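> Take the sequence shown: its letter number 11 is residue 11 in the working numbering, and every next letter is one higher.
Don't be surprised by glycine CBs; every beta carbon is placed ideally from N, CA and C.
Here the structure is a predicted model, which means the values were calculated and not measured.
Please find one structure pasted underneath; my questions will follow.
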Amino acid sequence: MKKYLLIVFFSCVLFGQNKDFKWQTYFEKSNYTSTPDYETTINYFNKLENQSGYAKLIKFGETPQGRNLYCFIVSSDKAFSPKLAKQSGKPILLIQNGIHSGEIEGKDACMMLLREILITRGKENYLKNIILMIIPVFNVDGHERKSPYNRINQNGPSEMGWRTTAQNLNLNRDYMKADSPEMQSWLKLYSSWLPDMFIDSHTTDGADYQYTITYGIEKNKNLPPQTENWVRNKFIPFIQSETEKSGYKVSPYVTFKNDDIKNGIVDWASTPRFSHGYTAVQNRPGLLIETHMLKPYKDRVLGTKAMIESVIKLLCSQKNEICQMSKNADAFVINNYYEKKNYYPLTFSLTDQSSKINFHGIESKMEDSWITGKQIIRYSGKSMDIEIPYYDKCKIKDSVSVPNFYLIPREYEYLVNKIKLHGVKVEKVKQPRKFLVEKYKFRNIKFAQMPYEGHFQPQYEYELQKDSVDIPEGTFIINTKQRTLGVIVHLLEPLGPDSFLKWGFFNTIFEQKEYFEDYAMEPIAKKMIDENPKLKEEFLLKVNEDPKLKENSRRRLNFFYERSPYFDNQLNLYPILRVVN
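Here you go:
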């Protein structure tokens with residue numbers, strides 16, 4: 001009998017070991033130094049799906065090089081569609097990994113966490129109050145451009161992916177303009193599921209310090225008030241404390257004021273080109289995890305896993321509050337900016353307000369470098385604790401009134417299609433009609449000397465003009481009375497830091513296409529003066545005041561051309577119109 005029990009015992013032990021080995025990740029098998037290629041990664045997620053009835057791997061897009069984009073849905077209710085997920089009454093958490101695919105800790109962390117939820121089931125209780133959406137790798141083509149030499153500042157893994165896509169686009173600048181096929185697919189996924197919380201996993205560059213994990217999250221007036229208060233007073237204290245219980249030092253994202261640790265660190269309100277800035281204009285909180293690039297890869301992965309779990313624990317404990325907060329946030333945006341006509345904030349600036357924090361740094365000194373011809377920082381590796389100011393309060397810099405509608409000419413349908421990706425509802429004018437509108441006229445236009453993410457971005461000044469215009473059938477019309485009001489305003493207002501105009505999608509409106517010959521314009525100018533003597537006075541005054549005008553015959557004639565009926569009245573005129581009543 002004893003012999004039989006021993007056989008059973010050792011058989012169970014051996015079975016458990018084999019099972020554990022079967023579900024070990026590539027990261028664990030490599031002694032925590034490597035990360036798997038994309039095929040191996042997706043095979044692991046396929047195994048998880050096949051083993052558990054609570055998981056489904058869905059394709060949501062394709063990369064320029066023909067690789068599939070996947071999202072892994074985990075739900076104890078088998079709510080594998082947006083409709084079923086919303087009906088479940090559970091918060092939805094979207095975890096995104098590998099947007100910069102050299103920064104891949106989140107992928108390995110999620111694989112281990114999913115095993116503990118779905119296979120060994122030690123953490124399956126997480127599924128009682130939450131639905132998980134996990135993108136294993138977002139920038140898949142970049143992930144497969146792997147090399148030991150892709151990130152000079154980073155300590156592992158042994159091979160890592162590339163920062164940008166196959167089209168050399170940085171996805172974490174593409175959330176609004178949606179140039180890349182990957183982002184267009186992501187926006188469809190996001191706007192259809194509309195998660196209550198978002199996590200974007202990264203690895204930072206920059207200074208050396210003791211922290212394994214740093215984080216960023218919007219907590220200013222680019223979030224509805226209830227969400228802003230929840231982030232500051234509940235979310236941040238909990239996830240920082242809970243992650244540190246796992247043995248990892250945690251800090252807000254580290255950017256030294258004026259590049260000097262003694263001046264403190266600064267936070268800011270991110271524009272919506274970035275992931276957590278984007279979810280803010282979608283009225284949802286988004287957490288940016290930034291592990292420290294010099295820490296061992298093992299610690300970075302396990303630290304990322306600990307922070308993800310801290311978020312899950314908080315969402316599980318506040319299930320009803322989170323779901324209600326999302327509803328309240330959407331209602332607030334409509335009520336505050338559409339109904340009450342309060343100005344919508346578009347840009348922010350940092351205030352002088354600060355609090356004191358004890359920063360866990362690394363001692364450093366400046367040394368002369370004959371190679372660079374200047375001094376360069378050297379870190380000693382010795383720990384240093386210092387009390388420094390932390391600046392994280394922002395004030396509104398620029399804001400704009402929200403019109404009732406925006407009108408977009410049908411020739412810009414390709415931009416309308418991008419707008420729809422964000423979950424914005426768009427209709428068409430069904431028959432010709434007259435609208436009282438406001439329209440932007442630009443002046444002093446300048447362009448960047450170099451492209452940024454493939455775009456030459458303009459700078460400009462403008463004035464807002466009122467007019468009554470006839471709008472043809474088929475013109476696109478966007479009612480701002482919808483939960484995506486913030487996205488609409490950011491995309492269509494010239495002040496928006498990530499508007500279509502700022503990204504250069506309307507650069508052709510700044511190009512003059514018709515010109516005059518001197519011999520044709522000169523007699524017309526004479527006739528204009530004869531018919532309007534005051535025009536001559538205005539002309540002579542400007543000639544006397546402006547030496548460049550006085551000495552340039554072409555400019556002198558252009559003075560009259562711009563005031564003639566031959567001049568293009570659509571030059572520098574924004575084609576998107578604001579309907580205010």
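Apart from the five residues on each side of it in sequence, which residues of its chain come closer than 6 Å, Cβ to Cβ, to F238?
L314.
> Within its chain, find whatever has a CB closer than 7 Å to the CB of A178; leave out the 5 residues flanking it on each side and keep chain order.
Q184, L187, K418 and L421, listed in sequence order.
> What alpha helix (DSSP H) runs, 4 residues minimum, are completely inside the region 508-578?
Runs of the alpha helix (DSSP H) inside the region 508-578: 518-531, 533-545, 547-551 and 553-561.
> Compute the distance between the beta-carbons of P458 and G496, then report whether it is under 8 Å.
Cβ atoms of P458 and G496: not closer than 8 Å.
> Between which two residues does the alpha helix (DSSP H) carrying L48 extend?
Where L48 is concerned, the enclosing alpha helix (DSSP H) stretches over Y38 to Q51.
> Going by beta-carbon coordinates alone, are P403 and V580 separated by less than 8 Å?
Their beta carbons are under 8 Å apart, which means P403 touches V580 by this criterion.
> Taking the alpha-carbon positions, what's the K29 to K395 distance?
So the two alpha carbons sit approximately 49 Å from each other.
> Using the three-state DSSP reduction, which class does V250 fall into: helix, strand or coil?
V250: strand per DSSP, three-state reduction.
> Go through its chain and collect everything with a Cβ distance to I92's Cβ below 7 Å, but skip five positions before and after it.
Here the set comprises A85, I131, M133, W193, P195 and D196.
> Buried or exposed for A280, going by 16 or more other Cβ atoms inside 10 Å?
A280 is buried by the Cβ-count criterion.
> Using three-state DSSP, classify D259 as helix, strand or coil.
Residue state, collapsed to three classes: helix.
> Rounding to the nearest angstrom, what Cα-Cα distance links K146 and Y215 in this structure?
Distance between the alpha carbons of K146 and Y215: 26 Å.
> So if DSSP puts G286 in a beta bridge, which residue, or which two residues, is it bridged to?
DSSP, once it has assigned bridges, lists F198 as partnering G286.
> Assign D392 to one of two classes, buried (16 or more other C-beta atoms within 10 Å of its C-beta) or exposed (fewer than that).
Burial call: buried.
> Just mark M366 as buried or exposed, buried being the case when its beta carbon has 16 or more other beta carbons within 10 Å.
Exposed.
> Under 8 Å by Cβ, that's how I've got V543 and K536 pegged, so tell me the actual separation to the nearest angstrom.
That belief does not hold up - the Cβ atoms of V543 and K536 are roughly 10 Å apart, past 8 Å.
> To the nearest angstrom, report how far apart D470 and G102 are at their CA atoms.
Taking the straight line joining both Cα atoms gives about 52 Å.
> Could you tell me the distance, in whole angstroms, from the CA atom of L577 to the CA atom of D546?
Straight-line Cα distance between these residues: approximately 34 Å.
> Residues in the same chain with beta-carbon distance under 6 Å from L448, minus the five sequence neighbours each way, listed in chain order, please.
Residue identity differs from the one stated: residue 448 is Ala in this sequence, not Leu. Within the same chain, A448 has close Cβ partners F456 and Q457.
> Mind checking who P494 pairs with in its DSSP beta bridge?
P494 pairs with nothing; no bridge assigned.
> Using only the alpha-carbon positions, how far apart do L573 and D398 sit?
One C-alpha to the other measures close to 21 Å.
> Hey, how far is the Cα of N172 from the Cα of V424?
The straight-line gap from Cα to Cα measures roughly 21 Å.
> When DSSP labels each residue in this structure, what does G216 get in the three-state scheme?
Three-state result, G216: strand.
> Hey, Y344 and V400 are a contact pair by Cβ (cut 8 Å); roughly how many whole angstroms apart?
At roughly 6 Å, the Cβ-Cβ gap stays under 8 Å, so Y344 and V400 are in contact.
> Determine the direct distance from the alpha carbon of L541 to that of Q570, and round the result to whole angstroms.
The alpha-carbon atoms of Q570 and L541 are separated by roughly 27 Å.
> If you reduce the DSSP assignment to three classes, tell me which class Y26 lands in.
The answer is helix: DSSP assigns Y26 an H, G or I state.
> Check for me: the alpha helix (DSSP H) holding F238 runs from which residue to which?
Run containing F238: I236 to E244, per the alpha helix (DSSP H) assignment.
> Between I127 and the rest of its own chain, which residues show a CB-CB distance below 8 Å, the 5 nearest in sequence each way excluded?
For clarity, residue 127 is Leu in the given sequence; the question names Ile instead. For L127, where only same-chain residues beyond five positions count, the Cβ hits under 8 Å are Y54, V74, S75, S76 and I117.
> Compute the Euclidean distance between the alpha carbons of D568 and E453, then round it to the nearest angstrom.
In a straight line, the C-alpha of D568 is about 31 Å away from that of E453.
> Could you check what DSSP says for D108 in three-state terms: helix, strand or coil?
The answer is helix: DSSP assigns D108 an H, G or I state.
> Using 10 angstroms around the beta-carbon of A306, count the other beta-carbons present and answer buried if the total reaches 16, otherwise exposed.
By the 10 Å Cβ count, A306 comes out buried.
> Suppose contacts are defined by Cβ-Cβ distances below 8 Å. Is N139 in contact with H202 by that definition?
Going by C-beta atoms, N139 is not nearer than 8 Å to H202.
> So, are the CB atoms of T35 and F27 less than 8 Å apart?
Contact: yes.
> Output the distance between the C-alpha atoms of R556 and E562, rounded to the nearest integer angstrom.
Cα-Cα distance, rounded: 10 Å.
> Count the other C-beta atoms from every protein chain shown that fall within 10 angstroms of the C-beta of P565, then say buried if there are 16 or more, exposed otherwise.
Its Cβ having fewer than 16 others within 10 Å, P565 is exposed.
> Take the Cβ of W370 as the centre, count every other Cβ of all protein chains shown within 10 Å, and call the residue buried at 16 or more, exposed below.
Counting Cβ neighbours within 10 Å, W370 comes out exposed, since fewer than 16 surround it.
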